[in-house]
Amino acid sequence: MIQKEIGNITTSLGIINSNLKVDEFKKTELFNNVGGFIDHDNGHKNYTIKNVKIDKHSFIIKLYFLNDRLKLTSLVYVSEKNNEELSWSDWSLEKELKRKEFHDNLITKWLGRRNLKSNNYVVFKYKWGSVSSAYDIKSQSSSICINYL
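Written out as structure tokens, the structure reads:
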């Protein structure tokens, strides 16, 4: 669940703090479950954590740091019922748009009435940043993005 007042995300592995630094992250249960890491050698680092529960739903979480400060968290719902793994072998536009609709409904449940909707985006804006649900045509994927200022 996302705390709209401050931007923190409560997960089964702990809280993702909106002011999280890499050094603090490395001391968490979330870090102990990292399955993927990329250091772009330009101040950008991202970490992938699979099978994290948020509000009883399973997600793949990606944390994007810039100069060791959290800038973006991406959440992608993964259906446990279908034991789903994200792969191109069974990808379809219909399935991806259903995932986006699930994301839309979930963030509306967490955050209340939608603030703004444009094209394929649902956006909630706050003093600390924004929360959006979108389908990206370029990557052919949908996600919930939490951007921190």
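269 is the number of the first residue of the sequence shown in the numbering used here; add one for each residue after it. A virtual CB, placed ideally from N, CA and C, is assigned to each residue, including glycine.
Does the separation of the CB atoms of residue i and residue j fall below 8 Å?
i	j	result
Gly282	Glu292	no
Ile317	Asn335	no
Asn322	Thr279	First, the residue type needs correcting, since residue 322 is Ile and not Asn in the sequence shown. Yes, Cβ-Cβ distance for Ile322 and Thr279 is below 8 Å.
Leu365	Tyr403	yes
Please report the distance separating the alpha-carbon of residue i from that of residue j.
i	j	result
Ile414	Tyr315	15 Å
Arg337	Asn285	11 Å
Taking 7 Å as the limit between beta carbons, can you name the residues of its chain near residue i, skipping five residues before and five after?
i	result
Arg367	Tyr345, Ser410
I'd like the list of long-range same chain contacts for residue i, defined as Cβ closer than 8 Å, with 5 residues on each side in sequence excluded.
i	result
Gly339	The sequence shown places Lys at residue 339, rather than the Gly named in the question. The answer, listed in chain order, is Tyr332, Phe333, Asn415, Tyr416.
Ile274	Ser286, Trp396
Val320	Thr279, Ser280, Leu281, Leu298, Asn301, Ser326, Phe327, Ile328, Ile329
Let me know if residue i comes out buried or exposed under the rule of 16 or more other beta-carbons within 10 Å of its beta-carbon.
i	result
Asp372	buried
Asn351	Low per-residue confidence applies at Asn351: pLDDT is 48, beneath 50, and the placement is therefore not dependable, though the value from the model is reported in the following sentence. It is exposed - the Cβ of Asn351 has fewer than 16 other Cβ atoms within 10 Å.
Gly303	exposed
Ser401	buried
Check your understanding: Hey, which unbroken runs of the beta strand (DSSP E) at 3 residues or more fall wholly within the stretch 286-332?
Key -> 302-307, 312-322
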